[in-house]
Structures are given as C-alpha cells and as structure tokens.
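J.: Handing you this structure, nothing more for now.
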Amino acid sequence: MQRQPPHQLDEGYEGEETRSQSESDVFSPSDMNPTTQHLLALLLALPVEQRRHILEAGISSLSSTDKIAVGKYCSTLTHFDPVHYLPAELMLAVLSYLSPQDLLTASRVSLEWRQRSRDEKLWRICFAQEGWVMDRGKLDAYEERARARRSWRGAEVGEALVRQGVQRRGSKKRKTEEAFSSEGEAAVDAMTRHGSHGSEDSMEGVQGATHDPDTAVVRASASPSRQHTDERSPSHALASIYQSHAERFVPLEPELWRPNVSDARLSWPYLYKQRARLEKNWEMGRHKRFQLPLVEHADEGHLECVYAVQHTSKHLVSGSRDRTIRIWDLNTCRLKGQPLRGHDASVLCLQFDERPEHDIIVSGGSDNYVIIWKFSTGEILKKMEEAHTESVLNLRFDDRYIVTCSKDKSVRVFSRRALHKSDPLVPTHILPSLEETCGAIDARGMIAEFSLLTVFMGTQVGGHQAAVNAVQICGDVVISASGDRMIKSWSIDSGKLLRTFSGHTKGIACVQFDGRRIVSGSSDNTVRIFDSSTGAEVACLTQHESLVRTIQARFGDLNTVTDAELEDEANQASQDFFHALENGMAMPRCGTRHGRNAGSRRPEDMTATGTKVPPGGGGGKWAKIVSGSYDETIMIWKRDRVGDWKVVQRLDMDGVPKPPVNTARRRVGAAGAGQAGGQGQGQQQLQQIVGHAVAQTQNLAQQSIQQAQGNIALLQQGMQQGGAGGAQGTLHPPHTPFTAQGITAPSNFQAFLAQEATSTALPPHRPEDHPDLSPVDLISQQLQAHAAAHHQTLLAHQAAEAQVQAYLQAPLPGLPAAHGTQAQAPGLQGQHPLPHLLPHPHPQQPLAPHQPQPAFQQPQQLAPQQPQHQGHRETNRVFKLQFDARRLVACSQNRVIVGWDFANGDKELERVGGWCVETA
Numbered sequence: 001m002q003r004q005p006p007h008q009l010d011e012g013y014e015g016e017e018t019r020s021q022s023e024s025d026v027f028s029p030s031d032m033n034p035t036t037q038h039l040l041a042l043l044l045a046l047p048v049e050q051r052r053h054i055l056e057a058g059i060s061s062l063s064s065t066d067k068i069a070v071g072k073y074c075s076t077l078t079h080f081d082p083v084h085y086l087p088a089e090l091m092l093a094v095l096s097y098l099s100p101q102d103l104l105t106a107s108r109v110s111l112e113w114r115q116r117s118r119d120e121k122l123w124r125i126c127f128a129q130e131g132w133v134m135d136r137g138k139l140d141a142y143e144e145r146a147r148a149r150r151s152w153r154g155a156e157v158g159e160a161l162v163r164q165g166v167q168r169r170g171s172k173k174r175k176t177e178e179a180f181s182s183e184g185e186a187a188v189d190a191m192t193r194h195g196s197h198g199s200e201d202s203m204e205g206v207q208g209a210t211h212d213p214d215t216a217v218v219r220a221s222a223s224p225s226r227q228h229t230d231e232r233s234p235s236h237a238l239a240s241i242y243q244s245h246a247e248r249f250v251p252l253e254p255e256l257w258r259p260n261v262s263d264a265r266l267s268w269p270y271l272y273k274q275r276a277r278l279e280k281n282w283e284m285g286r287h288k289r290f291q292l293p294l295v296e297h298a299d300e301g302h303l304e305c306v307y308a309v310q311h312t313s314k315h316l317v318s319g320s321r322d323r324t325i326r327i328w329d330l331n332t333c334r335l336k337g338q339p340l341r342g343h344d345a346s347v348l349c350l351q352f353d354e355r356p357e358h359d360i361i362v363s364g365g366s367d368n369y370v371i372i373w374k375f376s377t378g379e380i381l382k383k384m385e386e387a388h389t390e391s392v393l394n395l396r397f398d399d400r401y402i403v404t405c406s407k408d409k410s411v412r413v414f415s416r417r418a419l420h421k422s423d424p425l426v427p428t429h430i431l432p433s434l435e436e437t438c439g440a441i442d443a444r445g446m447i448a449e450f451s452l453l454t455v456f457m458g459t460q461v462g463g464h465q466a467a468v469n470a471v472q473i474c475g476d477v478v479i480s481a482s483g484d485r486m487i488k489s490w491s492i493d494s495g496k497l498l499r500t501f502s503g504h505t506k507g508i509a510c511v512q513f514d515g516r517r518i519v520s521g522s523s524d525n526t527v528r529i530f531d532s533s534t535g536a537e538v539a540c541l542t543q544h545e546s547l548v549r550t551i552q553a554r555f556g557d558l559n560t561v562t563d564a565e566l567e568d569e570a571n572q573a574s575q576d577f578f579h580a581l582e583n584g585m586a587m588p589r590c591g592t593r594h595g596r597n598a599g600s601r602r603p604e605d606m607t608a609t610g611t612k613v614p615p616g617g618g619g620g621k622w623a624k625i626v627s628g629s630y631d632e633t634i635m636i637w638k639r640d641r642v643g644d645w646k647v648v649q650r651l652d653m654d655g656v657p658k659p660p661v662n663t664a665r666r667r668v669g670a671a672g673a674g675q676a677g678g679q680g681q682g683q684q685q686l687q688q689i690v691g692h693a694v695a696q697t698q699n700l701a702q703q704s705i706q707q708a709q710g711n712i713a714l715l716q717q718g719m720q721q722g723g724a725g726g727a728q729g730t731l732h733p734p735h736t737p738f739t740a741q742g743i744t745a746p747s748n749f750q751a752f753l754a755q756e757a758t759s760t761a762l763p764p765h766r767p768e769d770h771p772d773l774s775p776v777d778l779i780s781q782q783l784q785a786h787a788a789a790h791h792q793t794l795l796a797h798q799a800a801e802a803q804v805q806a807y808l809q810a811p812l813p814g815l816p817a818a819h820g821t822q823a824q825a826p827g828l829q830g831q832h833p834l835p836h837l838l839p840h841p842h843p844q845q846p847l848a849p850h851q852p853q854p855a856f857q858q859p860q861q862l863a864p865q866q867p868q869h870q871g872h873r874e875t876n877r878v879f880k881l882q883f884d885a886r887r888l889v890a891c892s893q894n895r896v897i898v899g900w901d902f903a904n905g906d907k908e909l910e911r912v913g914g915w916c917v918e919t920a
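Counting with UniProt numbering, you get residues 1 to 920 for the letters of the sequence shown.
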C-alpha cells in the first residue's frame, strides 16, 4: 500500500483554489489488511473516552504534515462549505438574503467568501433595498469620460506602485531591517485611508476588520517575484503590477472602479459605502455651512427676504420679495446671469426642472401671476396674469400638470403641454364643456399648453373656507392644505373631493404627499402624519415652539415595500393593541397632549387602528423628516428603536447676517436679561422706555381731543348755515395714534381701533340719502356719533396708559419682584404688553404684502398669539427648506440663503452625493 503525498499548505491563498481534502486522500477500511481491520474493529468496540485517548496518542506520533492532513479530513466531517459545492448563481441567490452587515461578516470567512460577498449585483441590490436611487445618466457620463481619458486604469496602477514600493530601483532583495519594518502596515493604511473616517464607518461601509486574516496577503506584497519588475520595460511593469493587483490583492476598502474588468465600470460596493457615509453625517451632524451670496459678493444677493428656494446638485433657484428670481451655481456659490424680472410683487413660490428636455421654471407671486420661464435663458414663455384672483401661495408640477393654490381659496390645474381633447390626461368631467373650460381649441382638437383644465373652488361642496397655503400632486390626486385647519384630497379626473383630513387645531402652512402618507405642518406648532387611505392620524411631532412653515419627508420605502406589506405591518400593530386591551390595558386617552403619539408602536401609545400604514407612517432605515419653523430652527427627525420620531439634529439660523431689527424690542430684550448686568440698571432702562411710551400716548390723546374739537366747530358752523351747503371743511376721523405712529396696540384693543377707524370715516352728508331727516337733524346725528367715537378713543388711550403703568409695577421676567411691588392689573397676569405699545422707529415689515398670514388663523376667530420670550427677535423665521442626499438649503426672513453641506468637504462624498436622486 502506498500513501499519497500529504497536502501542502496554501499559505498565501494564491494560485490553486483552497478546497477540502477529498475522500481519496485518506485510508478506507477496504484498503486495510485483515490484521488492521481486526484492530480497527477492536478500537471501535471500546468506549468513546478510550477511543479518544488512543486516537490522540496515535495522532501525536505523526509528522506535522500528516497531522495537518488528518485535521483537514476531520474538518470535512464537521463542516460543509457551500461556496465549494454550490454553483456561483445559486450561492449569490443565497447571499442576496443577507443584510449589508451580514455580507461584511461573510466576507471575513475566506478568500472565496470575500469574492462572493463583494459581487456587484449583491451590493446593487443592497443599495436599492435602502431606498436609495442613483441617476443612471450621471453614472454613465462619468464612466464615459473616464474611458475617454483612460485615467481610471492609470490611477489604480499608480496607487499600486506606491503600495508595492516599485519605485525602489536597483534592488533585487530587501534589506534585513526593511523586511521587519512597518512597510506592510503602511501598505494596509494606504488602502484603508481611502474614504475612512473612523470607527463609526465600520457598520456602514464595505470593508474588512483590522484583524482580518486576509491582510497577510497585503503585507506579503513585497515578495521576491515582484521585485524584478523594475528590470523590465515600464509598460510591461505597469501591466504586470495591475494584473497582480487585481488577482492577488484582497482590498480592505472598495475601490471606485470594479476590479478585474477591462472596462471602466463604477463599483457598487464603493457607491454603497459612500452613500451610507453621507447618511451617517446627517445623523452625527457633520456638515459645512455655506450661504448665498458669498460675503465677498454680497451685491449678487436679493435685496429683500427670500420666500422660495429649490435646488438640485448643480443649481439653486430663489424667489424674493424684491420681485426677482435668481439662479445660483451651487459649485461656486455665485449668481448665474442676471436676475429674472417679470413679477410686479413678491415671488412667493417656484419650482424648476433644469433637464434639457424640460428646461422650465414656474413661479407664482403676490401679483396673482403664474409665470412660465425658460430655465436656460430666463425667457418668459407664458405669463398668466389672471391665473388667480389673489396671491398665488404655492405651486407644484410634474410631467403632466401644473397645480397652483391661492389666497382666493381655490386650487387650479393647468396642462404642462399641448393635449388632444381625447388625451387621457384631459379630465373626463370637463369633456362636456371642454371649450368653455379650456378656452379656444383649434381645428385639430388640440388644447394649448399651459391651459386651465380644472378648478377646485372654495364655493363648491367641501371646498376650502380659507386661503389654500400649500398643494401637492401625486398621480391623479391633488392634496391641498388651508388655513381652515383642513387637508383635502381631490381627483383631477373626476373633479371631486375624495377625503378631508382633520387633526390640526390651527391653520395648516405646508404639506407633503407621497401616495401613502400625508405630512403637514401647522401654526399649532406640530408636524402630523396622516394615512392617506383612511384619514387617520398616525403620528404627531411636537418639538417646535412656533408655526411650522415648511417641511420635507423621505420615507424611502416606495420602491422596497409594497402596499400589502405595509398594511400587514399596520394590521400587526392593531392586533397587538387589541390583545393588550384584552389583557387589561386601559384605553389610551386621545385628544390630549398625553394622547399624542410620535410614532410609537407600543399599544399604550397608539391612537389609531385599522390603518393602511403602521404607527409613525412606516419607512426604511434612513427615513427622515426635516421641518422649519418660525421659531428660527430647523429640526431633523429620525425614528428610534420603538418607532418614535425623535429630533437627531437641531439647526439654527444664528450667525447669519440679519436685517435691521426693532430697536425698542432689542432694548426690551436687554432689559429682560438684566439679571446678568444688574437689576437696577435694567429696571432704570425699562422705566425710561415706558416713560417715553406714556408721554407719547398722552400727546397723542391730546391731539385727538384737539382734532375732535375742530370737528365739532365745523359741524356747528354747518348747523348755523342751515345745512344748505354742509360744513365748509373736511371732517377728520378720530386720530388713531397706535397705528399712525407705528405703535402696536394690545390685541384686545387693535380690533376696536380698526372698527372705530372705519366707522368714523364719515362720508360727506347727502340729504338725498335721508329724505326723512332735515339737514340740521342729519348734521346733529353725525356730530353725536363723532363725539361718541372720540370719547371711546380717549377711553382706549386711558386703558393703554393703565396697562403701561401696570407693566411698570410688574417684575421683569427672570428678576425677583421688588419689595412692595403691587399686583398686575386684571387680565395682565403673566403678560407683558409693553412690547406691543412701544413706538417703532422702523416699522417691522409684514411677512409679505399678500402672504397668507391671516390664512393661518381661523377665518372667523383669530387664534391668540403665543407668548413671546423676552428678547426674542423674529428676524430669521424659516420660510422654505429643501434637502437632497448631500445638501439642506433654507431661506428665511432674511435676504441670505443658508445651506448645510453634509459631504463635509469630502471629495468622494461630494461626487457620490451629486449622483444621488432624492426620493419620497
């Protein structure tokens, strides 16, 4: 009997494949002589413990190579490696069920496992399962440019040259001291530093651990066989190095280009890692802040506050109160071309599409206009001057329709392109009156582009009863949000109201709709999520301190989770809720602050069952909501382990150059914070300010008295003349100093002044309008009404002065009350009306001439104002924000546009972030 040669070690895992020992490499009972077979039978008859001792003694007597052979044979009896036996396609199908983290773990098993787990298709699937989308056109263009430059291959070869130390010439053998130096570790560092930013990336990237056994291959890169390459031609050396890099290296970091391919193709493991690093930067708050315009080019910026912004990876378009639209280059933060001029009032909303096949900007403003621009040239394609009867507050468009909403309580749908009357995009409910609805139709039956197709009016059944502040479109459904506290969904095709969503306690300012969920922000300071199918509220977020003006959400599951799977998840949550009730759980209190659910799936927190989406709205791992508020903050929300939406980052507008603010309010703020500077000094400054206000109030009251006396004299003169010609002069209405001099009256007095100013603006008396009264009686009635109005004005001035005196006696916020201080006047407990009474040297500009500020209140009953923090300056109220994979941009009550770049200066993240497409 001859023994087969023992297996040799494959220390470098190179050359031939590493496979388990075959059954032919060991003895079988049929090869044994009778004596050996008898001994084997006796051995097998012994107890297990004795057999183990005999085998241990026998194995210890073997040579090292025989021991290794026996060990490999034992491994085949206890382990089954599917990579060795399953076809590659079947193995990839198995690995496709693993998560990215599990794939990283599998890559550490062996060289073959690493090769299987780094398959491009696997990581492309992982990328899509995260809800991420890449712009295929941008990827193809980048690869094509690399092929044209032929630089992708040279870059990898250059890196290999550095790692392998081929630049050392005239040396065929390493020195002894170099052989034991840290050159191998330096080679590993050179590979891992590419895109590495610390231990936090270990859970997200495609890389091996530092203790990976395969790193020995990298450290052995300076083998003698490679050190003769410098004796060949340079081109032969480069080709040899590239081949060895692709075949022999086990990279610890994913490369930009796919290895072992003859063409320039981007690597999906690389794309996954960089995209995950971007998301991690959002969570950890790693970003670089920028602004438009740059400080050194301030002349390029808007002249007044910016109401609307939208951006892509290259451009940003902004609309302002200065009536202009500006296009910015985001790579240079510079203005492109000249401002676009066409609006006669503030630009309140806009949207653009820079793709050459679209090349469009649509804007709406306080002038009631909707203007269509050519993005590339700034040319006005169409100016709809009668799009609405009042300010256009918001608009959205897709490839089919343009949808606008207005302060006139209506929502209007226009066509994006010319349509034939038989086109499915033409709403069926307008077909009977097509010519009347869409205007002129040519002989071919074509409807012109940008034609009005349908209108959802406030006068129709179920229509909005206040200004429509925001609108969204998804498929055939239009979502509108109004100051009447309601969200409504409409069908474009049928023209009918589909559903009304209620839940907010005050007017709604913004809304987003992705086909499954509706996310809205309101002046009740909350962000709410509704199930679009059932209308149920599934989450309420309550961290803001003022009106939530703008919002954007990305759930990231539209392409990864089906509607049925999402409904199954919601049903499971409902079953858990009812099961908890059966086990004695008390019914949760709804409609109270304690009953608000931020998205938790715990039965005790749930407030809705039977929905199509689970509590919180569902979403993928990287789902997030970004909201901007009048409290001058931007909040980034993500879900925790139990499903609650939590604020992970809070961005503020501090550090942005602010417009001039009210000097008096600034003084009040300084006085309110007087505890740090001394109570006496703050109290003295406050008394000086209040003293000035009291003196001015008294002067204005005296002017009112004198004006009333003059009016009385004029009326008496008219009576003496018998009323023939009336009074020879103009009757002035009572002086309203609180508004005329820029003073803001208390809220309970402002309404009276407005009514009083209107009612006392008497027109010249005309006897023909009152045939039953003599001229003398008519003038006498006017005199009495005028005198009564002046009397009410004087009483109001006295009440205002009493409030000022009460404020003087009340302690400052944050300061202890002085000894002997009297109590505040009734109705002023906890209030400090002084800021409402101080004169304004520069009256604060309103939100916008036609901004939907009243629409955020109830149309019949104004909501009380929230108490202001002492010293709080509302000069950076956030109007609009938008984010993509890389950037977050916001505009506020400030002409400076602020942005946060979460690539954080990393060129790789900037590149990959520009390739990403933001999804809902």
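Here a beta-carbon is modelled for each residue, glycine too, at the ideal position from N, C-alpha and C.
1) Reducing DSSP to helix, strand and coil, say where R412 ends up.
2) What is the rounded straight-line gap between the Cα of A885 and the Cα of H464?
3) Please confirm whether K880 and T550 have their CB atoms less than 8 Å apart.
4) Pull up the distance between the alpha-carbon of K421 and that of S502, whole angstroms please.
5) Between G913 and R277, what straight-line distance do the alpha-carbon atoms span, to the nearest angstrom?
6) Express the C-alpha separation of V626 and W637 in angstroms, rounding to a whole number.
7) Tell me Q552's beta-bridge partners as DSSP assigns them.
8) Assess contact between the stretch 382-394 and the stretch 344-354, defined as three or more Cβ pairs (one per stretch) separated by less than 8 Å. Is contact present?
9) Measure the Cβ-Cβ separation of S320 and E300 and say whether it is below 8 Å.
10) Which of the three DSSP states, helix, strand or coil, is assigned to K121?
11) So the candidates are D476, I508, S629, A481; which of them puts its Cα closest to the Cα of S494?
12) When the distance is taken between beta carbons, is D531 closer than 8 Å to K506?
13) Can you pull the DSSP bridge partners for M32?
14) For M284, count the other beta carbons within 10 Å of its own beta carbon; 16 or more makes it buried, fewer makes it exposed. Which is it?
15) Contact defined as beta carbons within less than 8 Å: I believe L266 pairs with L139. What is the distance between those atoms, to the nearest angstrom?
16) Would you kindly report the start and end of the unbroken alpha helix (DSSP H) that includes T65?
17) Below 8 Å on the Cβ atoms is my guess for F127 versus R275; work out the distance and round it to an integer in Å.
18) Less than 8 Å separating the beta-carbons of T562 and R596?
19) Start and end of the alpha helix (DSSP H) containing H84?
20) Taking all protein chains shown into account, decide if L340 is buried (16 or more other Cβ within 10 angstroms of its Cβ) or exposed.
21) Which residues in the same chain as F513 place their Cβ atom closer than 6 Å to its Cβ, once the five residues preceding and following it in sequence are excluded?
22) Per DSSP, what kind of secondary structure is G475 in: helix, strand or coil?
23) What is the DSSP secondary structure of C916, reduced to helix, strand or coil?
24) Could you check if A141 is buried or exposed, using at least 16 other CB atoms within 10 Å of its CB as the buried criterion?
25) Could you have a look at S574 and say whether DSSP puts it in helix, strand or coil?
26) Near Q649, what residues of its chain come up, given a Cβ to Cβ distance below 8 Å and the 5 sequence neighbours on each side ignored?
27) What residues are listed by DSSP as bridge partners for M384?
28) Report, in whole angstroms, the separation of the C-beta atoms of V309 and C405, which I expect to be a contact under 8 Å.
29) Give the secondary structure of residue 922 by DSSP, where H, G and I count as helix, E and B as strand, and everything else as coil.
30) Closest to M585 by CA distance: which of E569, A570, Q101, R602 is it?
31) Pick out the complete beta strand (DSSP E) segments inside the stretch 266-326, 3 residues or longer, and give them in chain order.
32) Which residues share a DSSP beta bridge with S491?
33) Can you name, in chain order, every residue of its own chain whose Cβ lies under 7 Å from the Cβ of F577, other than the five neighbours on each side?
34) Between the C-alpha atoms of A237 and F902, what's the straight-line distance to the nearest angstrom?
35) Could you give the distance in angstroms between the alpha-carbon of W645 and the alpha-carbon of Q572?
T.: In short, the structure shows the following:
1) To locate residue 412, count along the sequence shown from 1; it is residue 412. Assigned with DSSP and collapsed to three states, R412 falls in strand.
2) Looking up residue 885 in the sequence shown gives position 885. Looking up residue 464 in the sequence shown gives position 464. Rounded to whole angstroms, the separation of the alpha carbons of H464 and A885 is 35 Å.
3) Translated into the one-based positions of the sequence shown, residue 880 becomes position 880. Translated into the one-based positions of the sequence shown, residue 550 becomes position 550. Yes. Within cutoff.
4) Translated into positions along the sequence shown, residue 421 becomes position 421. Translated into positions along the sequence shown, residue 502 becomes position 502. Near 37 Å, if we compare the C-alpha coordinates of S502 and K421.
5) As a first step, residue 913 must be located in the sequence shown, where it is residue number 913. As a first step, residue 277 must be located in the sequence shown, where it is residue number 277. The alpha-carbon atoms of G913 and R277 are separated by roughly 10 Å.
6) Walking along the sequence shown from the start, residue 637 turns up at place 637. Walking along the sequence shown from the start, residue 626 turns up at place 626. Taking C-alpha positions only, W637 is separated from V626 by approximately 6 Å.
7) Taking the sequence shown and counting its residues from 1, the one referred to as residue 552 is at position 552. Its beta-bridge partners are V626.
8) Contact between the stretch 382-394 and the stretch 344-354 is present: three or more C-beta pairs spanning the two stretches fall below 8 Å.
9) Numbered from its first residue, the sequence shown carries residue 320 at position 320. Numbered from its first residue, the sequence shown carries residue 300 at position 300. No, the Cβ-Cβ distance between S320 and E300 is not below 8 Å.
10) The residue labelled residue 121 in the question sits at position 121 within the sequence shown. Correct three-state label for K121: helix.
11) Here the question's residue 494 lines up with position 494 in the sequence shown. Looking at the Cα atoms, D476 is the closest of the given residues.
12) Reading the sequence shown from its first residue, position 506 is the one you call residue 506. Reading the sequence shown from its first residue, position 531 is the one you call residue 531. Not closer than 8 Å, so no.
13) Residue numbering aside, residue 32 sits at position 32 when the sequence shown is read from its first letter. None; M32 has no bridge partner.
14) Walking along the sequence shown from the start, residue 284 turns up at place 284. Of the residues assessed, M284 falls on the exposed side of the cut-off, its CB having fewer than 16 other CB atoms within 10 angstroms.
15) Taking the first residue of the sequence shown as position 1, residue 266 is located at position 266. Taking the first residue of the sequence shown as position 1, residue 139 is located at position 139. With a Cβ gap of about 6 Å, L266 and L139 count as contacting.
16) Within the sequence shown, numbered from 1, the residue matching residue 65 stands at position 65. From DSSP, the alpha helix (DSSP H) with T65 extends over 64-78.
17) Working through the sequence shown from its first residue, we reach residue 127 at position 127. Working through the sequence shown from its first residue, we reach residue 275 at position 275. Contact between F127 and R275 is confirmed by a C-beta separation of about 7 Å, below the 8 Å threshold.
18) Stepping through the sequence shown from its first residue, residue 562 is reached at position 562. Stepping through the sequence shown from its first residue, residue 596 is reached at position 596. R596 sits away from T562, with the two beta carbons spaced by 8 Å or more.
19) Within the sequence shown, the letter at position 84 stands for residue 84. Note, H84: alpha helix (DSSP H), 82-85.
20) Looking up residue 340 in the sequence shown gives position 340. Buried, because 16 or more other Cβ atoms sit within 10 Å of the Cβ of L340.
21) Sequence index remark: in the sequence shown, residue 513 carries index 513 (1-based). Shown here for F513: same chain residues with a beta carbon closer than 6 Å to its own, the five before and five after excluded, namely Q472, C474, I479 in chain order.
22) By one-based count along the sequence shown, residue 475 stands at place 475. G475: coil per DSSP, three-state reduction.
23) As a first step, residue 916 must be located in the sequence shown, where it is residue number 916. If DSSP states are grouped into helix, strand and coil, C916 belongs with the strands.
24) For the purposes of this step, residue 141 is taken as residue 141 along the sequence shown, with counting starting at 1. Exposed, by the Cβ-count rule.
25) Looking up residue 574 in the sequence shown gives position 574. It is helical.
26) What you label residue 649 is simply residue 649 of the sequence shown in a count that begins at 1. Answer for Q649: W282, E283, G285, M635, I636, listed in chain order.
27) In the sequence shown, the residue the question calls residue 384 occupies position 384. Paired residues: V370.
28) Locating residue 309 in the sequence shown gives position 309, counting from the first residue. Locating residue 405 in the sequence shown gives position 405, counting from the first residue. In this structure V309 does not touch C405 by the C-beta definition: roughly 18 Å separates them, more than the 8 Å allowed.
29) Coverage of the chain is limited to positions 1 through 920, which leaves residue 922 absent and any answer about it impossible.
30) For the purposes of this step, residue 585 is taken as residue 585 along the sequence shown, with counting starting at 1. Per the Cα distances, R602.
31) Counting whole runs of 3 or more residues, the stretch 266-326 contains the beta strand (DSSP E) stretches 288-292, 306-311, 315-320.
32) Locating residue 491 in the sequence shown gives position 491, counting from the first residue. According to DSSP, S491 bridges with V477.
33) Here residue 577 is taken as the residue at index 577 of the sequence shown, counted from 1. Answer for F577: P603, M606, T609, listed in chain order.
34) The sequence position of residue 237 within the sequence shown is 237, counting from 1. The sequence position of residue 902 within the sequence shown is 902, counting from 1. Confidence at A237 is low in this model, with a pLDDT of 48, below 50, so its placement is unreliable and no value can be given for it.
35) One-based indexing of the sequence shown puts residue 645 at position 645. One-based indexing of the sequence shown puts residue 572 at position 572. When rounded, the separation of the alpha-carbon atoms in W645 and Q572 is 20 Å.
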